[in-house]
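Everything below concerns the one structure shown next.
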Amino acid sequence: MEGNREFFNEIIGNIDDLFVPDDLHSARRELQDGEISRTLERCYNVIAESGKLLSASTASALSHRKPLSASSLQLSVTSFLSRFLKRAVYEKIKRRQTRLDHNLFDVLWPAMRKTSKARHLEEDINCGIIAPDYDVFVVFQEFLVPLLKDMHCLCIDADFKPQPRLAYFPMENGDRLNTAAFVYDDESILVTRCIVEASRNLDQLELPLNLTIGQLEQAERLMMGKIFTTSFADAIGETESGNYYTLTELLEPDSEVTLMLSSLGLMISLLDTKDLVQAAESTAFNGALWPYGRGVFVNSAHNMAVWLNCQEHLRVISTTSSKDPGDMGAAYTRVGRAVTYLETQLHFKESYLLGYLQSRPAFLGTGLKMTTIVKLPNLMKEMDNLRHLCAVRGLSMVTNRLSKLTVRLINMQSMGIVEYVLFQDYCTAVTNILSLEKDMSLTNSKHIATMLVKIFKRKKNSIVDRN
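Under the numbering used here, the letters of the sequence shown match residues 1454 to 1920, in that order.
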(Lines of atoms letter the chains of each structure in order from A and count residues from 1; the text may use other names and numbers.)
(Lines give C-alpha, C1' and ligand atoms only; values in the text may rest on other atoms or scores of the structure.)
Protein backbone atom coordinates (compact mmCIF):
# COMPACT_ATOMS: atom_id res chain seq x y z
CA MET A 1 0.00 0.00 0.00
CA GLU A 2 2.85 2.36 0.90
CA GLY A 3 4.54 1.57 -2.42
CA ASN A 4 1.34 2.36 -4.31
CA ARG A 5 1.04 5.71 -2.51
CA GLU A 6 4.64 6.64 -3.41
CA PHE A 7 4.02 5.71 -7.04
CA PHE A 8 0.84 7.80 -7.11
CA ASN A 9 2.61 10.78 -5.54
CA GLU A 10 5.39 10.50 -8.12
CA ILE A 11 2.84 10.56 -10.95
CA ILE A 12 1.14 13.64 -9.45
CA GLY A 13 4.52 15.33 -9.01
CA ASN A 14 5.46 14.79 -12.66
CA ILE A 15 2.09 15.54 -14.24
CA ASP A 16 3.03 19.12 -15.13
CA ASP A 17 6.09 17.83 -16.97
CA LEU A 18 4.18 15.25 -18.99
CA PHE A 19 1.00 17.14 -19.71
CA VAL A 20 -0.04 20.73 -20.09
CA PRO A 21 -2.69 22.78 -18.22
CA ASP A 22 -6.29 22.02 -19.27
CA ASP A 23 -4.83 19.36 -21.50
CA LEU A 24 -6.68 18.73 -24.74
CA HIS A 25 -3.54 18.63 -26.86
CA SER A 26 -1.07 16.04 -25.56
CA ALA A 27 -1.10 12.26 -25.87
CA ARG A 28 -1.28 12.14 -22.04
CA ARG A 29 1.46 9.56 -22.03
CA GLU A 30 5.20 10.00 -22.02
CA LEU A 31 7.62 9.18 -24.80
CA GLN A 32 8.83 5.62 -24.32
CA ASP A 33 10.81 4.98 -27.51
CA GLY A 34 14.40 4.63 -26.32
CA GLU A 35 15.95 5.28 -29.73
CA ILE A 36 14.05 8.54 -30.20
CA SER A 37 14.96 9.61 -26.65
CA ARG A 38 18.66 8.98 -27.32
CA THR A 39 18.47 10.84 -30.65
CA LEU A 40 16.71 13.75 -28.95
CA GLU A 41 19.43 13.87 -26.30
CA ARG A 42 22.09 14.06 -29.01
CA CYS A 43 20.17 16.88 -30.69
CA TYR A 44 19.99 18.80 -27.44
CA ASN A 45 23.75 18.38 -26.92
CA VAL A 46 24.43 19.76 -30.43
CA ILE A 47 22.21 22.76 -29.67
CA ALA A 48 23.80 23.37 -26.27
CA GLU A 49 27.34 23.12 -27.65
CA SER A 50 26.62 25.47 -30.56
CA GLY A 51 25.31 27.98 -28.04
CA LYS A 52 28.76 28.00 -26.46
CA LEU A 53 30.59 28.27 -29.78
CA LEU A 54 28.47 31.09 -31.15
CA SER A 55 27.63 33.26 -28.16
CA ALA A 56 23.99 32.58 -27.33
CA SER A 57 23.63 36.08 -25.94
CA THR A 58 24.04 37.52 -29.44
CA ALA A 59 22.49 34.68 -31.44
CA SER A 60 19.14 36.40 -31.72
CA ALA A 61 16.65 36.08 -34.53
CA LEU A 62 17.63 39.56 -35.62
CA SER A 63 21.35 39.00 -35.91
CA HIS A 64 21.68 35.39 -37.01
CA ARG A 65 18.62 34.31 -38.93
CA LYS A 66 20.08 33.85 -42.41
CA PRO A 67 21.61 31.19 -44.62
CA LEU A 68 25.31 31.47 -43.93
CA SER A 69 28.27 29.70 -45.51
CA ALA A 70 27.89 25.94 -45.79
CA SER A 71 29.96 25.36 -42.66
CA SER A 72 28.14 27.81 -40.42
CA LEU A 73 24.48 27.56 -41.42
CA GLN A 74 23.60 24.78 -38.98
CA LEU A 75 25.74 26.31 -36.22
CA SER A 76 23.87 29.61 -36.49
CA VAL A 77 20.42 27.98 -36.41
CA THR A 78 21.19 25.67 -33.47
CA SER A 79 22.88 28.49 -31.57
CA PHE A 80 19.72 30.56 -31.90
CA LEU A 81 17.67 27.63 -30.57
CA SER A 82 20.01 27.34 -27.59
CA ARG A 83 18.69 30.66 -26.25
CA PHE A 84 15.31 29.06 -25.63
CA LEU A 85 15.99 25.35 -25.15
CA LYS A 86 17.80 25.58 -21.82
CA ARG A 87 18.43 22.40 -19.83
CA ALA A 88 15.56 23.06 -17.41
CA VAL A 89 13.11 23.62 -20.27
CA TYR A 90 14.40 20.59 -22.16
CA GLU A 91 14.06 18.29 -19.15
CA LYS A 92 10.49 19.46 -18.61
CA ILE A 93 9.25 18.88 -22.15
CA LYS A 94 11.44 16.10 -23.57
CA ARG A 95 9.00 13.28 -22.71
CA ARG A 96 5.86 15.00 -23.97
CA GLN A 97 3.92 13.97 -27.05
CA THR A 98 1.05 15.60 -28.91
CA ARG A 99 -2.32 13.96 -29.60
CA LEU A 100 -0.86 12.73 -32.90
CA ASP A 101 2.19 11.31 -31.08
CA HIS A 102 4.64 13.95 -32.29
CA ASN A 103 7.53 14.62 -29.92
CA LEU A 104 10.14 17.33 -29.49
CA PHE A 105 12.42 15.75 -32.10
CA ASP A 106 9.66 16.16 -34.70
CA VAL A 107 9.82 19.91 -34.01
CA LEU A 108 13.63 20.25 -33.92
CA TRP A 109 14.82 17.91 -36.64
CA PRO A 110 15.03 20.50 -39.49
CA ALA A 111 17.85 22.21 -37.58
CA MET A 112 19.81 18.96 -37.86
CA ARG A 113 19.11 18.34 -41.55
CA LYS A 114 21.95 16.80 -43.51
CA THR A 115 20.95 18.69 -46.64
CA SER A 116 20.63 22.11 -44.98
CA LYS A 117 24.01 23.14 -46.33
CA ALA A 118 23.08 22.33 -49.91
CA ARG A 119 19.36 23.15 -50.03
CA HIS A 120 17.37 25.79 -48.19
CA LEU A 121 13.75 24.95 -47.34
CA GLU A 122 13.25 28.13 -45.34
CA GLU A 123 15.20 26.90 -42.32
CA ASP A 124 16.75 30.36 -42.30
CA ILE A 125 13.47 32.22 -41.62
CA ASN A 126 11.88 29.39 -39.63
CA CYS A 127 14.93 29.12 -37.35
CA GLY A 128 15.30 25.38 -37.89
CA ILE A 129 11.95 24.26 -36.46
CA ILE A 130 8.66 23.02 -37.88
CA ALA A 131 5.19 22.33 -36.51
CA PRO A 132 4.19 18.75 -37.44
CA ASP A 133 0.72 19.43 -36.00
CA TYR A 134 -1.21 22.29 -34.39
CA ASP A 135 -0.87 20.92 -30.85
CA VAL A 136 2.90 21.47 -30.60
CA PHE A 137 2.33 25.16 -29.87
CA VAL A 138 0.61 24.16 -26.61
CA VAL A 139 2.45 20.97 -25.69
CA PHE A 140 5.91 22.55 -26.07
CA GLN A 141 4.90 26.08 -25.09
CA GLU A 142 7.74 26.61 -22.60
CA PHE A 143 10.18 26.35 -25.50
CA LEU A 144 8.14 27.75 -28.39
CA VAL A 145 6.42 30.80 -26.89
CA PRO A 146 9.59 32.88 -26.25
CA LEU A 147 11.12 31.60 -29.50
CA LEU A 148 8.10 32.66 -31.54
CA LYS A 149 8.08 36.10 -29.94
CA ASP A 150 11.73 36.62 -30.85
CA MET A 151 11.20 35.22 -34.35
CA HIS A 152 8.44 37.78 -34.96
CA CYS A 153 10.29 40.73 -33.40
CA LEU A 154 8.00 40.83 -30.35
CA CYS A 155 9.08 41.52 -26.77
CA ILE A 156 9.83 38.17 -25.13
CA ASP A 157 8.73 39.35 -21.68
CA ALA A 158 5.40 40.78 -22.86
CA ASP A 159 2.21 38.77 -23.24
CA PHE A 160 0.88 37.90 -26.68
CA LYS A 161 -1.71 40.34 -27.95
CA PRO A 162 -4.76 39.08 -29.86
CA GLN A 163 -4.07 38.72 -33.57
CA PRO A 164 -6.01 41.49 -35.41
CA ARG A 165 -8.70 40.50 -37.88
CA LEU A 166 -7.84 40.25 -41.56
CA ALA A 167 -7.43 43.62 -43.34
CA TYR A 168 -5.32 43.60 -46.49
CA PHE A 169 -6.44 47.00 -47.73
CA PRO A 170 -6.90 50.51 -46.31
CA MET A 171 -10.18 52.21 -45.44
CA GLU A 172 -11.50 55.18 -47.38
CA ASN A 173 -14.65 57.08 -46.37
CA GLY A 174 -15.71 54.16 -44.20
CA ASP A 175 -15.29 51.56 -46.95
CA ARG A 176 -12.57 48.94 -47.32
CA LEU A 177 -10.71 49.31 -50.63
CA ASN A 178 -9.50 46.31 -52.65
CA THR A 179 -6.20 47.75 -53.88
CA ALA A 180 -2.90 48.70 -52.26
CA ALA A 181 -0.59 50.63 -54.55
CA PHE A 182 3.18 50.80 -54.12
CA VAL A 183 6.02 50.84 -56.64
CA TYR A 184 9.66 51.07 -55.59
CA ASP A 185 11.38 54.23 -56.86
CA ASP A 186 14.02 52.27 -58.71
CA GLU A 187 15.83 54.37 -61.29
CA SER A 188 19.00 52.36 -60.67
CA ILE A 189 17.16 49.10 -61.49
CA LEU A 190 18.13 47.48 -58.18
CA VAL A 191 14.90 45.47 -57.78
CA THR A 192 14.72 42.31 -59.89
CA ARG A 193 11.47 40.82 -58.54
CA CYS A 194 8.86 41.09 -55.78
CA ILE A 195 7.14 37.99 -54.37
CA VAL A 196 4.21 37.87 -51.94
CA GLU A 197 2.99 34.67 -50.24
CA ALA A 198 0.07 34.05 -47.89
CA SER A 199 -0.73 30.63 -46.48
CA ARG A 200 -3.74 29.06 -44.77
CA ASN A 201 -4.87 25.70 -43.36
CA LEU A 202 -8.39 24.31 -43.37
CA ASP A 203 -10.11 24.32 -40.00
CA GLN A 204 -11.57 20.82 -40.11
CA LEU A 205 -8.42 18.93 -41.17
CA GLU A 206 -4.96 18.28 -39.76
CA LEU A 207 -1.87 19.54 -41.59
CA PRO A 208 -1.14 17.83 -44.95
CA LEU A 209 1.66 15.83 -43.34
CA ASN A 210 -0.90 13.90 -41.27
CA LEU A 211 -3.70 13.37 -43.79
CA THR A 212 -4.92 10.09 -45.22
CA ILE A 213 -5.52 9.53 -48.95
CA GLY A 214 -9.20 10.27 -48.52
CA GLN A 215 -8.53 13.46 -46.54
CA LEU A 216 -5.98 14.71 -49.09
CA GLU A 217 -8.54 14.17 -51.85
CA GLN A 218 -11.20 15.90 -49.76
CA ALA A 219 -8.99 18.94 -49.12
CA GLU A 220 -7.92 19.18 -52.77
CA ARG A 221 -11.52 18.88 -53.97
CA LEU A 222 -12.83 21.39 -51.46
CA MET A 223 -10.26 24.06 -52.27
CA MET A 224 -10.33 23.61 -56.04
CA GLY A 225 -14.13 23.85 -55.90
CA LYS A 226 -13.68 27.43 -54.68
CA ILE A 227 -10.65 28.38 -56.79
CA PHE A 228 -11.58 26.97 -60.17
CA THR A 229 -14.57 29.30 -60.52
CA THR A 230 -15.54 32.50 -62.30
CA SER A 231 -16.18 34.06 -58.87
CA PHE A 232 -12.54 33.56 -57.88
CA ALA A 233 -11.39 34.92 -61.24
CA ASP A 234 -13.58 37.99 -60.71
CA ALA A 235 -12.22 38.46 -57.20
CA ILE A 236 -8.62 38.66 -58.44
CA GLY A 237 -9.59 40.92 -61.35
CA GLU A 238 -9.50 38.44 -64.23
CA THR A 239 -12.07 37.42 -66.82
CA GLU A 240 -11.18 33.75 -67.16
CA SER A 241 -9.99 30.97 -64.89
CA GLY A 242 -6.52 29.47 -64.96
CA ASN A 243 -5.16 25.92 -65.07
CA TYR A 244 -4.54 23.23 -62.47
CA TYR A 245 -1.55 20.87 -62.52
CA THR A 246 -0.98 17.90 -60.23
CA LEU A 247 2.32 17.72 -58.41
CA THR A 248 3.01 14.42 -60.15
CA GLU A 249 3.05 16.34 -63.45
CA LEU A 250 5.49 18.87 -62.04
CA LEU A 251 7.89 16.20 -60.79
CA GLU A 252 8.23 14.53 -64.18
CA PRO A 253 11.69 14.89 -65.79
CA ASP A 254 12.02 18.10 -67.81
CA SER A 255 8.50 19.17 -66.89
CA GLU A 256 7.48 22.22 -68.92
CA VAL A 257 5.15 23.32 -66.13
CA THR A 258 8.01 23.30 -63.62
CA LEU A 259 10.22 25.30 -66.00
CA MET A 260 7.40 27.79 -66.54
CA LEU A 261 6.77 28.26 -62.79
CA SER A 262 10.49 28.63 -62.10
CA SER A 263 10.90 31.29 -64.78
CA LEU A 264 7.88 33.17 -63.39
CA GLY A 265 9.16 33.01 -59.79
CA LEU A 266 6.12 30.98 -58.69
CA MET A 267 7.91 27.69 -57.95
CA ILE A 268 8.30 26.54 -54.35
CA SER A 269 11.31 24.65 -53.00
CA LEU A 270 10.95 20.88 -53.31
CA LEU A 271 13.25 18.12 -52.16
CA ASP A 272 14.57 15.56 -54.64
CA THR A 273 12.93 12.26 -53.68
CA LYS A 274 15.37 10.35 -55.89
CA ASP A 275 18.12 11.20 -53.41
CA LEU A 276 17.93 8.85 -50.40
CA VAL A 277 18.62 11.53 -47.78
CA GLN A 278 16.29 14.07 -49.34
CA ALA A 279 13.61 11.42 -49.79
CA ALA A 280 13.65 10.68 -46.06
CA GLU A 281 13.48 14.39 -45.25
CA SER A 282 10.65 14.88 -47.74
CA THR A 283 8.67 12.16 -45.94
CA ALA A 284 9.24 13.94 -42.62
CA PHE A 285 8.13 17.27 -44.13
CA ASN A 286 5.27 16.05 -46.29
CA GLY A 287 4.21 12.57 -45.17
CA ALA A 288 4.48 9.16 -46.83
CA LEU A 289 1.76 9.90 -49.43
CA TRP A 290 3.73 12.65 -51.17
CA PRO A 291 3.15 13.77 -53.94
CA TYR A 292 -0.39 12.37 -54.03
CA GLY A 293 -3.25 14.84 -53.53
CA ARG A 294 -1.07 17.89 -54.22
CA GLY A 295 -1.05 20.37 -57.05
CA VAL A 296 -0.87 23.98 -58.16
CA PHE A 297 -3.41 26.34 -59.75
CA VAL A 298 -1.92 29.01 -62.03
CA ASN A 299 -4.03 32.03 -62.98
CA SER A 300 -4.63 33.04 -66.59
CA ALA A 301 -2.20 35.98 -66.35
CA HIS A 302 0.57 33.67 -65.08
CA ASN A 303 1.47 35.96 -62.18
CA MET A 304 -0.15 34.03 -59.32
CA ALA A 305 -0.08 30.41 -58.18
CA VAL A 306 -2.09 28.62 -55.50
CA TRP A 307 -0.28 25.55 -54.14
CA LEU A 308 -2.44 22.91 -52.49
CA ASN A 309 -1.37 20.55 -49.68
CA CYS A 310 2.33 21.47 -49.88
CA GLN A 311 3.25 21.77 -46.16
CA GLU A 312 0.21 24.04 -45.77
CA HIS A 313 -3.21 23.36 -47.25
CA LEU A 314 -3.14 26.59 -49.23
CA ARG A 315 -0.21 28.76 -50.35
CA VAL A 316 -1.06 31.77 -52.51
CA ILE A 317 2.01 33.19 -54.26
CA SER A 318 2.16 36.20 -56.58
CA THR A 319 5.10 37.84 -58.35
CA THR A 320 5.82 40.97 -60.35
CA SER A 321 6.52 40.94 -64.08
CA SER A 322 9.88 41.53 -65.72
CA LYS A 323 8.37 44.71 -67.18
CA ASP A 324 7.53 46.16 -63.73
CA PRO A 325 9.72 44.23 -61.25
CA GLY A 326 9.34 46.87 -58.53
CA ASP A 327 5.52 46.95 -58.47
CA MET A 328 5.15 45.38 -55.02
CA GLY A 329 1.61 46.78 -54.71
CA ALA A 330 0.39 44.73 -57.68
CA ALA A 331 1.69 41.42 -56.28
CA TYR A 332 0.37 42.22 -52.79
CA THR A 333 -3.04 43.25 -54.15
CA ARG A 334 -3.48 39.96 -56.06
CA VAL A 335 -2.71 37.93 -52.93
CA GLY A 336 -4.89 40.15 -50.77
CA ARG A 337 -7.88 39.84 -53.10
CA ALA A 338 -7.45 36.05 -53.40
CA VAL A 339 -7.16 35.46 -49.65
CA THR A 340 -9.95 37.90 -48.78
CA TYR A 341 -12.28 36.07 -51.18
CA LEU A 342 -11.30 32.59 -49.94
CA GLU A 343 -11.96 33.73 -46.35
CA THR A 344 -15.62 34.07 -47.33
CA GLN A 345 -15.70 30.59 -48.87
CA LEU A 346 -13.62 28.40 -46.54
CA HIS A 347 -13.03 28.08 -42.80
CA PHE A 348 -9.37 28.32 -41.81
CA LYS A 349 -7.57 27.18 -38.67
CA GLU A 350 -6.75 30.09 -36.39
CA SER A 351 -5.85 30.93 -32.82
CA TYR A 352 -6.90 33.97 -30.78
CA LEU A 353 -3.26 34.81 -30.01
CA LEU A 354 -1.20 33.08 -32.73
CA GLY A 355 -3.45 34.01 -35.63
CA TYR A 356 -3.65 31.61 -38.57
CA LEU A 357 -1.90 28.39 -37.54
CA GLN A 358 0.85 27.15 -39.82
CA SER A 359 3.30 24.31 -40.24
CA ARG A 360 6.00 26.96 -40.78
CA PRO A 361 6.34 29.04 -37.59
CA ALA A 362 7.59 32.14 -39.43
CA PHE A 363 4.18 32.40 -41.14
CA LEU A 364 2.09 32.42 -37.95
CA GLY A 365 -0.27 35.36 -37.46
CA THR A 366 -1.17 36.80 -40.85
CA GLY A 367 0.46 33.97 -42.82
CA LEU A 368 2.00 36.75 -44.94
CA LYS A 369 5.56 36.94 -46.22
CA MET A 370 6.83 39.55 -48.68
CA THR A 371 10.11 39.18 -50.53
CA THR A 372 12.03 41.70 -52.60
CA ILE A 373 14.96 40.37 -54.64
CA VAL A 374 17.52 43.16 -54.97
CA LYS A 375 20.98 43.89 -56.30
CA LEU A 376 23.02 45.82 -53.74
CA PRO A 377 26.57 45.86 -55.19
CA ASN A 378 27.91 48.42 -52.71
CA LEU A 379 26.18 47.26 -49.52
CA MET A 380 26.92 43.61 -50.31
CA LYS A 381 30.65 44.28 -50.05
CA GLU A 382 30.14 44.25 -46.26
CA MET A 383 27.59 41.49 -45.73
CA ASP A 384 27.63 41.65 -41.93
CA ASN A 385 26.89 45.37 -42.01
CA LEU A 386 24.11 44.83 -44.55
CA ARG A 387 22.65 42.07 -42.42
CA HIS A 388 22.60 44.41 -39.43
CA LEU A 389 21.02 47.22 -41.46
CA CYS A 390 18.27 44.82 -42.51
CA ALA A 391 17.77 43.32 -39.05
CA VAL A 392 17.19 46.63 -37.29
CA ARG A 393 14.51 47.36 -39.89
CA GLY A 394 12.72 44.06 -39.28
CA LEU A 395 14.04 42.41 -42.44
CA SER A 396 15.57 38.98 -42.80
CA MET A 397 18.30 38.97 -45.42
CA VAL A 398 18.61 35.70 -47.32
CA THR A 399 21.51 35.16 -49.69
CA ASN A 400 20.87 33.46 -53.01
CA ARG A 401 22.63 30.11 -53.21
CA LEU A 402 22.43 30.19 -57.02
CA SER A 403 23.67 33.75 -57.48
CA LYS A 404 25.91 36.01 -55.42
CA LEU A 405 24.62 39.10 -57.24
CA THR A 406 21.30 39.38 -55.38
CA VAL A 407 19.81 38.99 -51.91
CA ARG A 408 16.24 38.48 -50.72
CA LEU A 409 14.76 40.87 -48.18
CA ILE A 410 11.88 39.25 -46.24
CA ASN A 411 9.70 40.61 -43.45
CA MET A 412 10.47 38.95 -40.10
CA GLN A 413 7.23 39.80 -38.34
CA SER A 414 3.88 38.43 -39.44
CA MET A 415 2.26 38.00 -36.03
CA GLY A 416 0.54 40.60 -33.85
CA ILE A 417 0.01 43.04 -36.71
CA VAL A 418 -2.62 43.65 -39.40
CA GLU A 419 -1.74 42.89 -43.04
CA TYR A 420 -1.92 46.39 -44.47
CA VAL A 421 0.27 47.89 -41.72
CA LEU A 422 2.73 45.04 -42.24
CA PHE A 423 2.78 45.85 -45.97
CA GLN A 424 3.43 49.56 -45.33
CA ASP A 425 6.18 48.90 -42.78
CA TYR A 426 7.86 46.39 -45.08
CA CYS A 427 7.86 48.68 -48.12
CA THR A 428 9.28 51.51 -46.02
CA ALA A 429 12.06 49.29 -44.69
CA VAL A 430 13.09 48.01 -48.13
CA THR A 431 12.92 51.53 -49.58
CA ASN A 432 15.29 52.65 -46.86
CA ILE A 433 17.80 49.92 -47.78
CA LEU A 434 17.56 50.89 -51.47
CA SER A 435 18.19 54.54 -50.54
CA LEU A 436 21.31 53.55 -48.61
CA GLU A 437 22.59 51.66 -51.66
CA LYS A 438 21.92 54.68 -53.91
CA ASP A 439 23.67 56.99 -51.44
CA MET A 440 26.72 54.71 -51.40
CA SER A 441 26.73 54.54 -55.19
CA LEU A 442 26.54 58.35 -55.41
CA THR A 443 29.32 58.73 -52.83
CA ASN A 444 31.50 56.28 -54.73
CA SER A 445 30.82 58.14 -58.00
CA LYS A 446 31.84 61.45 -56.41
CA HIS A 447 34.93 59.79 -54.97
CA ILE A 448 35.89 58.41 -58.38
CA ALA A 449 35.28 61.81 -60.02
CA THR A 450 37.51 63.48 -57.41
CA MET A 451 40.23 60.90 -57.99
CA LEU A 452 40.06 61.44 -61.76
CA VAL A 453 40.35 65.22 -61.31
CA LYS A 454 43.44 64.72 -59.14
CA ILE A 455 44.98 62.39 -61.71
CA PHE A 456 44.37 64.86 -64.54
CA LYS A 457 45.86 67.67 -62.43
CA ARG A 458 48.99 65.61 -61.78
CA LYS A 459 49.34 64.82 -65.48
CA LYS A 460 48.87 68.50 -66.41
CA ASN A 461 51.45 69.59 -63.86
CA SER A 462 53.95 67.00 -65.06
CA ILE A 463 53.52 68.22 -68.67
CA VAL A 464 54.08 71.85 -67.56
CA ASP A 465 57.20 70.84 -65.63
CA ARG A 466 58.65 69.02 -68.70
CA ASN A 467 57.99 72.09 -70.87
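Think of the CB as a built atom: it goes at the ideal place given N, C-alpha and C, for glycine as much as any other residue.
Check	Outcome
With a CB to CB cut of under 7 Å and the five nearest residues on each side skipped, what residues in its chain are close to L1704?	P1744
Between the C-alpha atoms of G1678 and R1790, what's the straight-line distance to the nearest angstrom?	17 Å
Output needed for L1675: all residues of its chain with C-beta closer than 8 Å, excluding positions within five of it in sequence on either side, in chain order.	L1655 and L1799
Looking at M1565 and C1580, is the spacing between their C-beta atoms short of 7 Å?	no
Counting pairs of Cβ atoms below 8 Å between the segment 1808-1827 and the segment 1642-1653, do you hit three or more?	yes
In its own chain, which residues sit with a C-beta less than 8 Å from the C-beta of A1672, not counting the 5 before and 5 after it?	L1655, L1658, P1661, L1664, G1746, L1761, N1762 and H1766
Exposed or buried, which one is I1718 when buried takes at least 16 other CB atoms within 10 Å?	The sequence shown places Gly at residue 1718, rather than the Ile named in the question. Label assigned to G1718: buried.
With DSSP collapsed to three states, give me the class of R1552.	coil
From the DSSP output, read off the bridge partner residues of T1772.	I1648
If you drop the 5 nearest sequence neighbours on each side, which residues of the same chain put their C-beta closer than 8 Å to that of N1853?	I1826, T1859, V1860 and R1861
May I have the straight-line CA-CA distance separating N1921 from G1504, to the nearest angstrom?	Outside the shown range of the chain, which is 1454 to 1920, sits residue 1921, and nothing can be said about it.
Could you tell me whether the segment 1477-1497 touches the segment 1586-1593, where touching means 3 or more Cβ pairs closer than 8 Å?	yes
Look up I1826 in the DSSP assignment and say whether it is helix, strand or coil.	strand
Less than 7 Å between the C-beta atoms of K1822 and E1670, yes or no?	no
Using DSSP with H/G/I as helix, E/B as strand and the rest coil, what is E1494?	helix
Can you tell me whether V1874 is buried or exposed? The criterion is at least 16 other CB atoms within 10 Å of its CB, across all chains shown.	exposed
May I ask which residues mark the beginning and end of the beta strand (DSSP E) holding Y1697?	N1696 to T1699
In chain order, what residues of the same chain lie with their CB nearer than 8 Å to the CB of L1630, ignoring the 5 residues before and after it?	F1622, P1623 and M1624
Do L1700 and G1748 have their beta-carbon atoms positioned less than 7 Å apart in this structure?	yes
Buried or exposed: which applies to T1683, given that a residue is buried once 16 or more other Cβ atoms fall within 10 Å of its Cβ?	exposed
Who are the near neighbours of I1721 in its chain, counting only those whose CB is closer than 8 Å to its CB and skipping five residues on each side?	W1760, C1763, R1768 and I1770
In angstroms with no decimal places, state the Cα-to-Cα distance between Y1497 and T1632.	47 Å
Given this structure, state the Cα-to-Cα distance separating N1467 from Q1866, to the nearest angstrom.	Since pLDDT at N1467 reaches only 44, below the 50 mark, its modelled position is unreliable, and the value read off the structure follows with that caveat. Between N1467 and Q1866, the C-alpha separation is close to 36 Å.
For the beta strand (DSSP E) that V1851 lies in, which residues bound it at each end?	L1848 to T1852
Looking only at C-alpha atoms, which of S1804, S1735, L1714 and N1831 sits nearest to T1773?	L1714
Look up N1457 in the DSSP assignment and say whether it is helix, strand or coil.	Because N1457 carries a pLDDT of 44, less than 50, the predicted location of this residue cannot be relied on, and no value is offered for it.
Quick one: what's got a C-beta closer than 7 Å to L1742's C-beta in the same chain, skipping five residues either side?	I1666 and L1669
Excluding the five sequence neighbours on either side, which residues of its own chain have a C-beta within less than 7 Å of the C-beta of I1546, listed in chain order?	L1557, F1593, E1595 and F1596
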